[in-house]
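Student:
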């Protein structure tokens with residue numbers, strides 16, 4: 009029984025295994041068959057897609073080929089058109105070149121013809137020159153026989169004649185230039201004055217045209233300005249002086265060229281600051297009162313100057329003008345002090361000469377009176393002063409001396425020359441116009457050195473405190489005409505090399521001396 013069961017189990021196992029193997033084989037067969045069908049389907053799809061892609065590629069290649077052909081045709085047409093244009097231009101250029109060649113050939117023929125003509129003319133000219141030279145030599149020989157002079161002697165005479173004529177023409181030219189220069193004197197004078205101010209007076213301009221008023225504190229600036237600037241406008245309108253209020257601590261600057269008005273403005277502002285009441289009505293009242301006080305000071309200064317010199321009988325109005333010179337400066341020198349000094353010098357020199365010393369002092373005191381109003385009236389201060397003196401009844405000799413002290417009119421009396429000399433002494437002496445003694449001496453040495461640097465100069469002398477330079481030349485080297493040119497050259501070099509106040513007169517002196525001795 010057990011064997012049967014075992015055999016049955018083995019048979020069942022074998023049968024199960026066989027069935028399982030058959031089922032597995034069946035499944036494998038089905039999978040293989042499905043795989044073959046799927047592979048066939050994929051292959052068919054691939055073939056269809058390949059055919060589609062092939063057709064699309066063919067169509068696309070045809071399109072590209074068509075486009076390339078169209079582009080090629082267009083480029084070919086453009087190239088043909090450009091080649092046609094170039095061909096036309098080349099043909100045109102060739103035609104132009106042909107025309108130019110024809111022109112050049114014609115010009116060449118003309119040049120050849122003209123060259124032959126010129127060659128023939130040159131030959132004729134050479135022949136004519138030879139004939140002329142022969143004639144000139146014959147004429148020279150005949151002239152030498154007639155005149156009794158050789159060619160060299162005649163040439164020397166001709167050169168001398170030409171030299172004299174050139175000198176004469178040069179002198180005429182210089183005279184004409186001088187006349188033209190005199191016609192332009194006013195413009196040149198203004199230019200010289202402007203240059204002198206720039207070169208010399210720059211350090212003193214601010215000092216002499218500006219006054220500074222110290223303030224107790226910076227808050228006072230606001231009170232001086234006032235609401236909407238009414239106070240400062242009132243001060244400027246009443247005094248005619250500009251007020252400059254800037255960052256300068258505790259200070260106000262008064263600017264103006266009229267020294268009297270500037271002094272009135274300074275005193276008025278100081279009085280307003282000390283009083284504390286600053287408003288337009290008060291400003292006008294203070295300025296009026298201060299103006300009256302300054303007028304009194306001016307009159308007293310004029311009277312004192314006249315008293316110091318012992319000059320009497322001057323008109324009261326003219327005395328006021330003299331006093332105004334107290335607030336006037338010239339090259340940093342106070343004009344009133346300068347006038348008093350000139351008066352004393354005139355009196356001393358007049359006494360030495362046996363002249364009227366009081367009259368000379370009067371002239372010296374009044375000689376610069378025109379500077380009191382020269383900023384109000386146009387013209388030289390000497391001429392202005394003479395008119396002012398004449399207006400107030402001064403003696404005609406005094407009037408003339410005032411007008412002539414800078415040679416605006418020629419001096420016609422000894423007194424006028426005395427005023428000139430005293431004015432030069434007072435104005436140009438060392439120390440009078442803020443010039444150090446060392447600078448003064450150096451300027452004189454430089455003047456003489458410049459003059460001595462020119463050929464033919466024997467001696468030089470700087471006189472009148474450097475206002476005049478006298479140059480003595482050797483007469484056998486420098487002629488009269490050359491002396492004029494030498495003076496101009498010296499002046500030009502002085503202007504280029506030196507800085508100096510006023511003007512310097514250069515006098516070139518040439519003289520011929522014949523000395524003989526009588527012996528027994």
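In the working numbering, the protein residues as written are 9 to 528.
All residues carry an ideal CB built from backbone N, CA and C; glycine is no exception.
Can you look up residue 525 in the DSSP assignment and give me helix, strand or coil?
Tutor: Residue 525: coil per DSSP, three-state reduction.
Student: Taking the continuous alpha helix (DSSP H) assigned at residue 421, which residues delimit it?
Tutor: Here residue 421 belongs to no alpha helix (DSSP H), and DSSP marks it neither H nor E.
Student: Give me the DSSP bridge partner(s) of residue 246.
Tutor: In the DSSP output, where bridge partners are listed per residue, residue 246 has none listed.
Student: Does the contact criterion of 3 or more C-beta pairs under 8 Å hold for the segment 272-279 versus the segment 389-402?
Tutor: no
Student: CB residue 220 to CB residue 261, shorter than 7 Å?
Tutor: yes
Student: Apart from the five residues just before and just after residue 357, which ones in its own chain have a Cβ nearer than 6 Å to its Cβ?
Tutor: 426
Student: Using the beta-carbon count (16 or more within 10 Å), is residue 402 buried or exposed?
Tutor: buried
Student: Do you know whose CA, among 13, 521 and 335, lies nearest residue 484's CA?
Tutor: Checked all of 13, 521 and 335; the closest Cα to residue 484 is 521.
Student: Out of curiosity, what's the CA-to-CA distance linking residue 102 and residue 65?
Tutor: 53 Å
Student: Have a look at 395, 494, 347 and 287 and flag the residue whose alpha-carbon is nearest the alpha-carbon of residue 433.
Tutor: 347
Student: What number of angstroms, rounded off, separates the C-alpha of residue 417 from the C-alpha of residue 375?
Tutor: About 14 Å.
Student: Is the beta carbon of residue 491 closer than 7 Å to that of residue 523?
Tutor: no
Student: What are the start and end residues of the alpha helix (DSSP H) that includes residue 298?
Tutor: 288-317
Student: Is residue 410 closer than 7 Å to residue 394 when the C-beta atoms are compared?
Tutor: In this structure, residue 410 lies closer than 7 Å to residue 394 by Cβ.
Student: Put residue 443 into one of helix, strand or coil per three-state DSSP.
Tutor: Low confidence applies here, because residue 443 scores a pLDDT of 46, under 50, leaving its location unreliable and the question unanswered by this model.
Student: Whether or not the segment 321-328 and the segment 290-297 are in contact is what I'm after, with contact meaning three or more pairs of Cβ atoms, one per stretch, closer than 8 Å; do they touch?
Tutor: Not touching, per the Cβ criterion.
Student: How is the alpha helix (DSSP H) around residue 273 delimited, first residue to last?
Tutor: 267-283
Student: Taking the straight line between their C-alpha atoms, what separation do you get for residue 61 and residue 25?
Tutor: 52 Å
Student: Does the distance from the CB of residue 317 to the CB of residue 373 come in under 7 Å?
Tutor: yes
Student: Spatial neighbours of residue 274 within its chain, please: CB distance less than 7 Å, with the 5 preceding and 5 following residues excluded, ordered by chain position.
Tutor: 219, 221 and 262
Student: Within 10 Å of its beta-carbon, does residue 329 have 16 or more other beta-carbons around it, so buried, or fewer, so exposed?
Tutor: buried
Student: Should residue 429 and residue 412 be called a contact, given that it needs their Cβ atoms to be closer than 7 Å?
Tutor: no
Student: If you reduce the DSSP assignment to three classes, tell me which class residue 341 lands in.
Tutor: strand
Student: Looking at the strands, I want to know which residues DSSP matches up with residue 251.
Tutor: 262
Student: Taking the CB atoms as reference points, tell me whether residue 452 and residue 466 lie closer together than 7 Å.
Tutor: no
Student: Rounded to the nearest angstrom, what separates residue 42 and residue 51 at their Cα positions?
Tutor: 14 Å
Student: Taking only three categories from DSSP, how would you classify residue 512?
Tutor: coil
Student: Over the uninterrupted beta strand (DSSP E) stretch that includes residue 479, give me the two end residues.
Tutor: Start and end: 476-481.
Student: Does residue 84 come out as helix, strand or coil in the three-state DSSP assignment?
Tutor: helix
Student: Got a sec? Which residues, its chain only, sit under 7 Å from residue 271 by beta carbon, not counting five neighbours each side?
Tutor: 302 and 335
Student: Count the other C-beta atoms from every protein chain shown that fall within 10 angstroms of the C-beta of residue 53, then say buried if there are 16 or more, exposed otherwise.
Tutor: exposed
Student: Smallest Cα separation from residue 223: which of 253, 177 and 463?
Tutor: 253
Student: Could you compute how far the alpha carbon of residue 114 sits from the alpha carbon of residue 129?
Tutor: 22 Å
Student: On the DSSP bridge assignment, give the partners of residue 120 in chain order.
Tutor: In the DSSP output, where bridge partners are listed per residue, residue 120 has none listed.
Student: If you count every other CB in all the chains shown that lies within 10 Å of the CB of residue 239, and 16 or more means buried, which is it?
Tutor: buried
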